[in-house]
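Engineer: Using my numbering, you'd call the opening residue of the sequence shown number 198 and step up by one each time.
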Amino acid sequence: MNRARPGEEEASRRSACAPPDPSAASVPGTPDRTHRPAGPAPRPTENTMEPHDPSTTAASTAHRETVEVLLPGTVSPEGLEIRRRTPDSPGPGEAAVRVEATGVSFAEQQMRRGKYFDQPPFPFVPGYDLVGTVTEVGPGTDPSLVGRRYAALTKTGAWTTRIVLPAADLVPVPEGVDPAEAEALVVNGVTAHRMLHRLARVRAGDTVLVLGANGGVGSLLVQLARHAGATVIGTASARHTEAVRALGAVPVDYRDPDLHTRIRELAPNGVRAVFDHVGGPGITASFAHVARGGTLVSYGTAATRDVPGNPMLPVLKLFARLLWWNALPNGRGAHFFNLWQGKRHPERYRRDLARDLGTVLGLHARGALTPRIAARLPLSEVAAAMALAESGTVVGKVVLLPHPRS
Ligand SMILES: NC(=O)c1ccc[n+]([C@@H]2O[C@H](COP(=O)([O-])OP(=O)(O)OC[C@H]3O[C@@H](n4cnc5c(N)ncnc54)[C@H](OP(=O)(O)O)[C@@H]3O)[C@@H](O)[C@H]2O)c1
């Protein structure tokens, strides 16, 4: 097993990412394609059954074998393991799904560091969301599901060729939609849509500030806000300013020492909403940009991804700050968005998810929303996919294809 040792994490990340080749990622407006990004191929791990390619094997032995990715502990991307096992059978109310696309989310970057606040104990199969086709149903499950394409939000477990899920968790994907594009809209699309329309209630004529406007969530936030008629200021690293401009936002380099002066020049009266996934000390500056009547929407603590210590601490610190700001009589709101809020009421949660994902997929079908896909890689190249997602060189989402040749 290729576990990262203290002090090796950065070095192994660099070697897995090197050379971070921006050209490996598709540029907005350019059709993406399945490809191997530049950089070394992932090393076989002790569970990898070489030499056959999991993707081809999976296609030919779909009913005999499930191929999945295991996160064994706090490891570098190369420490991810590929495991083969006997497929589970769907039980009552369940469906077996042949996974066609699953994504690399920021959450997995945190999980492999043991920094995602409610990740399961190691080892486990990561994978936050998926799109796939039902191949089999359990007793009492509607047999008409078989052969249809669905999306699901799983938090973990989706990096696999086949998964068994409660049928009630499946959200229909319209016919003709590319599975990878649909996948890039599940966690990211629902998150962006809810933050924009349910929490911040952004309207035509508003100005909003989106941090990380080229990212998976950020690029969708920009498009949805533009579709709603808002003006968007989007932060990104300098290499991504053109991509952010192409999405319809005014780009600002987040490393510019005059970042906040520049934002104030663009929005002298403040903005209706700030969407901040970075957290850390910079959240104070984000709140300062919120105009009276506006809202700070915090939805992550990316700034503390590499900070050692209890993963809950930065989250608790952030919550305390937001609560305090929200309580102040300053006419400005400060909220934390959590996609899993309401999960304790599963029926309502499923209904709301189906409605919001349906809205997002509908916007996609009408051409109002185009998910940015940085790369499509076979599941067997998960280490390279993870390294690419973490490289800071890409625009949009890295998508894994468990059955790339079918
Ligand atoms: N709360 C929830 O329910 C929920 C749900 C979904 C996602 N999330 C959170 O959403 C965040 C984004 O996820 P993702 O999958 O979209 O990630 P992603 O695709 O990896 O994008 C990350 C973005 O962050 C930008 N960035 C990095 N450092 C920054 C800084 N100091 N200031 C501003 N931007 C910075 C990157 O810009 P460059 O590439 O230009 O460096 C990139 O655009 C994560 O923190 C994730 O945990 C939360």
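Just so you know, even glycine gets a beta-carbon here, dropped at the ideal spot from N, CA and C.
Can you give the Cα-Cα distance for PRO369 and ASP326, rounded to whole angstroms?
Structural biologist: Locating residue 369 in the sequence shown gives position 172, counting from the first residue. Locating residue 326 in the sequence shown gives position 129, counting from the first residue. Going by the C-alpha atoms only, they are around 14 Å apart.
Engineer: If you measure from the CB of VAL414, is any heavy atom of ligand 1 nearer than 6 Å?
Structural biologist: In the sequence shown, residue 414 corresponds to position 217, counting from 1. Under cutoff, so the answer is yes.
Engineer: For GLU587, which residues in the same chain have their Cβ closer than 6 Å to its Cβ, ignoring the five residues on either side in sequence?
Structural biologist: Locating residue 587 in the sequence shown gives position 390, counting from the first residue. Cβ neighbours of GLU587 beyond the five flanking positions: GLN306.
Engineer: Tell me where the alpha helix (DSSP H) around TYR313 begins and ends.
Structural biologist: In the sequence shown, the residue the question calls residue 313 occupies position 116. Careful: TYR313 lies outside any alpha helix (DSSP H) and carries neither H nor E.
Engineer: Along the chain, where does the beta strand (DSSP E) containing GLU378 start, and where does it finish?
Structural biologist: Taking the sequence shown and counting its residues from 1, the one referred to as residue 378 is at position 181. Run containing GLU378: none in the beta strand (DSSP E); it sits in the alpha helix (DSSP H), 376–380.
Engineer: Assuming THR388 is part of the alpha helix (DSSP H), what are its boundary residues?
Structural biologist: Numbered from 1 along the sequence shown, position 191 holds the residue referred to as residue 388. Counting along the chain, the alpha helix (DSSP H) containing THR388 begins and ends at 384–390.
Engineer: Only counting runs of 3 or more residues, tell me where the beta strand (DSSP E) segments fall wholly within the stretch 467–508, in order along the chain.
Structural biologist: 468–473 and 487–495
Engineer: Would you mind working out which of VAL264, ALA499, GLY479 and LEU406 sits nearest GLY445, comparing C-alpha positions?
Structural biologist: Indexing the sequence shown from 1 puts residue 445 at position 248. Checking every option, the nearest Cα to that of GLY445 belongs to LEU406.
Engineer: Using only CA atoms, which one of ALA410, LEU463, ARG346 and ARG469 lies nearest to LYS594?
Structural biologist: As a working note, residue 594 is residue 397 in the sequence shown. The option with the nearest alpha carbon to LYS594 is ALA410.
Engineer: What first and last residue would you give for the beta strand (DSSP E) that runs through ARG548?
Structural biologist: If you number the sequence shown from 1, residue 548 lands on position 351. No beta strand (DSSP E) contains ARG548, which is instead part of the alpha helix (DSSP H) from 543–562.
Engineer: Quick check on the burial criterion: 16 or more other C-beta atoms within 10 angstroms. Buried or exposed for ALA221?
Structural biologist: Taking the first residue of the sequence shown as 1, we reach residue 221 at position 24. Summary for ALA221: the model assigns pLDDT 30, below 50, so the residue's position carries little reliability; its value from the coordinates is reported in the next sentence. Flag for ALA221 reads buried.
Engineer: Nearest by alpha-carbon distance to PRO284: which of GLY270, THR357 and PRO323 is it?
Structural biologist: Within the sequence shown, the letter at position 87 stands for residue 284. If we check each option's Cα against that of PRO284, THR357 comes out closest.
Engineer: What do you get for GLY497, buried or exposed, if any count of 16 or more other CB atoms within 10 angstroms of its CB means buried?
Structural biologist: Counted from its first residue, the sequence shown places residue 497 at position 300. If you draw a 10 Å sphere on the C-beta of GLY497, you find 16 or more other C-beta atoms in it, and that means buried.
Engineer: Assuming ARG295 is part of the beta strand (DSSP E), what are its boundary residues?
Structural biologist: Stepping through the sequence shown from its first residue, residue 295 is reached at position 98. ARG295 -> beta strand (DSSP E) spans 291–301.
Engineer: Would you mind working out which of MET509, VAL468, HIS474 and ARG569 sits nearest GLY528, comparing C-alpha positions?
Structural biologist: Taking the sequence shown and counting its residues from 1, the one referred to as residue 528 is at position 331. Here the closest residue by C-alpha is VAL468.
Engineer: State buried or exposed for MET392, treating a residue as buried only when at least 16 other CB atoms are found within 10 Å of its CB.
Structural biologist: To locate residue 392, count along the sequence shown from 1; it is residue 195. Buried, since its Cβ has 16 or more Cβ neighbours within 10 Å.
Engineer: So, at 6 Å on beta carbons, what are the nonlocal neighbours of ALA397 in its own chain, with the 5 sequence-adjacent residues on each side left out?
Structural biologist: As a position in the sequence shown, residue 397 is number 200, starting the count at 1. Excluding residues within five positions, the ones whose Cβ falls inside 6 Å are ALA470, THR492 and VAL494.
Engineer: With 16 as the cutoff for other CB atoms within 10 Å, does GLN538 come out buried or exposed?
Structural biologist: Your numbering for residue 538 matches position 341 in the sequence shown. With fewer than 16 Cβ atoms within 10 Å of its Cβ, GLN538 is classed as exposed.
Engineer: Look at the alpha carbon of GLN420 and the alpha carbon of ARG261, and state the distance between them as a whole number of angstroms.
Structural biologist: Here the question's residue 420 lines up with position 223 in the sequence shown. Here the question's residue 261 lines up with position 64 in the sequence shown. Each residue's alpha carbon lies about 42 Å from the other.
Engineer: Would ALA379 pass as a contact of VAL301 if the rule is Cβ separation under 7 Å?
Structural biologist: If you number the sequence shown from 1, residue 379 lands on position 182. If you number the sequence shown from 1, residue 301 lands on position 104. No, they are not a contact pair.
Engineer: Is there at least one non-hydrogen atom of ligand 3 closer than 6 Å to the beta-carbon of ARG436?
Structural biologist: Only ligand 1 can be found as ligands here, which leaves ligand 3 out of the picture.
Engineer: To the nearest angstrom, how far is it from the Cα of HIS542 to the Cα of GLY476?
Structural biologist: Translated into positions along the sequence shown, residue 542 becomes position 345. Translated into positions along the sequence shown, residue 476 becomes position 279. Taking the straight line from one Cα to the other gives about 28 Å.
Engineer: Less than 6 Å between the CB of VAL475 and some heavy atom of ligand 1, yes or no?
Structural biologist: Counting from one through the sequence shown, the residue named residue 475 turns up at place 278. True, at least one ligand heavy atom lies under 6 Å from that Cβ.
Engineer: Is the distance from the Cβ of PRO376 to the Cβ of ALA298 below 7 Å?
Structural biologist: Looking up residue 376 in the sequence shown gives position 179. Looking up residue 298 in the sequence shown gives position 101. For PRO376 and ALA298, yes; Cβs fall inside 7 Å.
Engineer: Answer yes or no: the CB of THR556 versus the heavy atoms of ligand 1, is any distance below 6 Å?
Structural biologist: On the sequence shown, position 359 is the one that residue 556 refers to. Not so, every heavy atom of ligand 1 lies at least 6 Å from the Cβ.
Engineer: Spell out the partners DSSP gives ARG281 in its beta bridges.
Structural biologist: Position 84 of the sequence shown, counting from 1, holds the residue named residue 281. According to DSSP, which records beta bridges pairwise, ARG281 is partnered with VAL264.
Engineer: With respect to 6 Å, is the separation between the Cβ of GLY324 and the closest non-hydrogen atom of ligand 1 below this value?
Structural biologist: The residue given as residue 324 occupies position 127 in the sequence shown. For ligand 1, not one heavy atom lies less than 6 Å from the Cβ of GLY324.
Engineer: Under DSSP, the beta strand (DSSP E) around VAL331 begins and ends at which residues?
Structural biologist: Stepping through the sequence shown from its first residue, residue 331 is reached at position 134. Per DSSP, the unbroken beta strand (DSSP E) holding VAL331 starts and ends at 326–334.
Engineer: Return the CA-CA distance between TYR546 and LYS540, expressed in angstroms with no decimal places.
Structural biologist: Here residue 546 refers to the residue found at position 349 when the sequence shown is read from its first residue. Here residue 540 refers to the residue found at position 343 when the sequence shown is read from its first residue. CA-CA distance, TYR546 to LYS540, rounds to 6 Å.
Engineer: Beta-carbon within less than 8 Å of SER286's beta-carbon, same chain only, minus the 5 sequence neighbours each way: which residues are those?
Structural biologist: Numbered from 1 along the sequence shown, position 89 holds the residue referred to as residue 286. Within the same chain, and ignoring the five residues on either side of SER286 in sequence, the residues whose Cβ sits closer than 8 Å to its Cβ are ALA293, GLU333, GLY335 and VAL361.
Engineer: Return the chain-ordered list of same chain residues with a C-beta closer than 6 Å to the C-beta of TYR451, the five sequence neighbours on each side being excluded.
Structural biologist: The residue given as residue 451 occupies position 254 in the sequence shown. THR432, listed in sequence order.
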